[in-house]
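> Protein chains in written order, with the numbering used here: chain A, 29 to 265; chain B, 29 to 265.
The structure under discussion is supplied below as structure tokens; questions concerning it will follow.
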DNA sequence: ATTATTTGTGAACAGTCGTTGACTTTATGT
DNA sequence: ACATAAAGTCAACGACTGTTCACAAATAAT
């Protein structure tokens with residue numbers, strides 16, 4: 029049966045504490061090297077499906093055939109990268125959520141945090157941005173599912189605001205996807221900037237913060253579907 | 029000097045009216061075939077810089093070397109495609125603008141028109157969407173300049189509304205880019221749908237129309253920078 | 001200590017790629 | 001009618017690609 033063998037490590041005695049499987053260590057090391065190599069190659073003009081398996085192996089300091097010890101093919105490596113990137117993003121969200129809400133300048137703080145995070149993980153976001161439309165169907169749907177989940181989480185966060193009580197789930201989703209749109213657009217513009225162009229980065233910050241404020245104002249004025257129907261029923265009755 | 033030769037067509041007599049240069053005709057025909065071949069190849073999984081010159085030539089029913097009679101390299105062909113796509117889009121805008129404004133259901137009509145247009149020019153938009161981030165620097169900036177111009181035109185259109193008088197040019201640009209964001213996102217979701225999935229297309233229509241309405245509501249409530257400063261000055265004085 | 005398993009190497013394959021140069025064919029300019 | 005220039009064909013090159021197989025080295029299991 030093709031199952032993974034159950035390795036009963038550290039058998040005889042429970043001594044030899046720090047024996048961290050020198051085999052696995054080495055494996056994880058070159059695996060990471062391959063992933064990083066792919067990310068690095070995509071920082072320039074290349075997109076994921078225009079870089080070659082051999083290129084990745086070469087860039088990782090390994091012979092092409094060694095690649096197959098870690099990934100079935102390039103697509104599998106790509107999926108791994110998507111997974112890593114989205115997991116990191118979700119973690120950032122979780123941390124940001126647990127922070128106390130300054131309520132007033134909440135938007136500014138959030139935008140600030142997010143921009144900083146994107147700049148700190150430029151390569152991952154570069155990859156996500158490119159594969160959001162460029163890549164194979166598998167990668168594309170993986171990215172989309174990730175952002176969809178992102179939108180949903182944002183929606184449940186927004187639902188915690190007292191003002192949001194009037195709004196239905198669908199309306200909250202609609203607003204969340206609008207906000208995520210702003211974030212995506214900001215990200216793309218940010219990635220097209222030299223990383224140290226502070227003036228432009230600040231402008232980008234203001235722009236997206238303003239846009240979010242505008243969305244906020246709009247949702248305060250929004251006439252929920254339920255109310256509209258109530259009104260209509262009233263007019264008819 | 030490597031200049032293009034000035035061809036003095038139809039020299040001797042001004043007769044021979046319909047002599048539409050059988051040479052040029054043929055040339056334009058295969059040129060178009062090459063462009064269409066590239067577009068068609070990109071309908072699937074491939075992105076522009078993952079399709080080969082030979083593939084394009086083959087798909088156009090022509091030998092690889094014939095390619096060079098029309099384009100210096102693939103990048104030049106790509107730039108031509110961007111140009112064509114943006115020109116078509118701008119023309120649509122011009123037509124939409126000349127139409128009378130129903131004022132009330134303006135947003136619904138506009139979204140409807142745009143979605144129809146995207147579906148009618150699926151291949152061009154597929155290309156634009158992919159190259160917006162995937163492609164070479166040259167293509168990318170070409171696409172971005174196009175959308176920037178698009179935003180500006182939309183801003184001047186919005187400025188014609190009576191409500192827009194309170195807003196500065198920068199604020200109008202900010203709002204316009206927000207709207208264009210919605211359109212871009214809608215486009216991308218639309219392209220990821222089978223072209224005949226009417227139910228999903230309708231949902232997409234509603235979603236983006238709602239988002240635009242929300243932006244509209246928001247901009248009505250927007251406190252322009254000028255007013256905010258006035259208020260502040262008042263408080264201080 | 002001796003097996004077995006795993007990680008990485010090396011050579012080789014059949015294809016595809018972009019680009020070259022010398023050619024045929026065909027319409028144009030005089 | 002004849003020379004010219006243009007559009008497309010053909011063969012060939014050196015380079016790079018993904019994948020294969022057999023093999024070396026290192027580690028784990030017994």
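Backbone N, C-alpha and C fix where the C-beta goes; we use that ideal spot for every residue, glycine too.
Establish whether the CB of residue 216 of chain B and some CB of chain A are separated by less than 8 Å.
With 8 Å as the cut-off, residue 216 of chain B counts as an interface residue toward chain A.
> Compile a chain-ordered list of the residues in the segment 243-258 of chain B whose CB is closer than 8 Å to at least one CB of chain A.
Under the 8 Å Cβ criterion, the segment 243-258 of chain B contributes 243, 244, 245, 246, 247, 248, 249, 250.
> Taking residue 158 of chain B as the query, report the chain A residues whose CB atoms sit under 8 Å from its CB, ordered along the chain.
Chain A residues near residue 158 of chain B: 161, 162.
> Kindly list the residues whose CB is nearer than 8 Å to the CB of residue 55 of chain B, restricted to its own chain and excluding five residues on each side of it in sequence; keep chain order.
Excluding positions up to five away in sequence, the list reads 97, 98.
> Please return the same chain residues whose Cβ sits closer than 8 Å to the Cβ of residue 62 of chain A, not counting the five positions on each side in sequence.
84, 85, 88, 90, 95, 98, 99, 105.
> Mind the definition here: the segment 110-123 of chain A touches the segment 147-162 of chain A only if three or more C-beta pairs lie below 8 Å; say whether that holds.
The segment 110-123 of chain A, when compared against the segment 147-162 of chain A, does touch it at the 8 Å Cβ threshold.
> Residue 70 of chain A versus chain B: which residues are under 7 Å apart at the beta carbon?
Neighbours of residue 70 of chain A on chain B: none; closest Cβ ~10 Å, over 7 Å.
> By Cβ distance, which residues of its chain are closer than 8 Å to residue 223 of chain B, with the 5 residues on each side in sequence left out?
Closer than 8 Å at Cβ, skipping near neighbours: 147, 150.
> Would the beta-carbon of residue 213 of chain B fall within 8 Å of that of residue 209 of chain A?
Cβ distance < 8 Å, so residue 213 of chain B and residue 209 of chain A count as in contact.
> Judging by CA-CA distance, which residue of B/226, B/75, B/257, B/247 is the nearest neighbour of residue 143 of chain B?
Comparing Cα positions, the closest option is B/226.
> Are the Cβ atoms of residue 162 of chain B and residue 75 of chain B separated by less than 8 Å?
Taking 8 Å as the Cβ cut-off, residue 162 of chain B and residue 75 of chain B qualify as a contacting pair.
> Given a cut-off of 8 Å on the beta-carbon distance, is the pair residue 79 of chain A and residue 67 of chain A in contact?
No. Outside cutoff.
> Are residue 243 of chain A and residue 242 of chain B closer than 8 Å when you measure CB to CB?
Against a cut-off of 8 Å, the Cβ pair of residue 242 of chain B and residue 243 of chain A comes out as a contact.
> Going by DSSP in three states, residue 151 of chain B sits in which element: helix, strand or coil?
The answer is helix: DSSP assigns residue 151 of chain B an H, G or I state.
> Are residue 245 of chain B and residue 250 of chain A closer than 8 Å when you measure CB to CB?
Cβ atoms of residue 245 of chain B and residue 250 of chain A: closer than 8 Å.
> For residue 235 of chain B, which residues in chain A fall below 8 Å Cβ to Cβ?
Result: 202, 205.
> So is residue 167 of chain B buried or exposed if we call it buried at 16+ other beta carbons inside 10 Å?
By the 10 Å Cβ count, residue 167 of chain B comes out buried.
> Would you say residue 82 of chain A reaches chain B, if we count a Cβ-Cβ gap shorter than 8 Å as a contact?
For residue 82 of chain A, the answer is no, since every Cβ of chain B falls outside 8 Å of its Cβ.
> Start and end of the alpha helix (DSSP H) containing residue 109 of chain B?
That run of the alpha helix (DSSP H) goes 102-126.
> Going along the segment 168-194 of chain A in order, which residues come within less than 9 Å of chain B, judged by CB to CB distance?
Going along the segment 168-194 of chain A in chain order, one finds 168, 169, 172 with a Cβ nearer than 9 Å to chain B.
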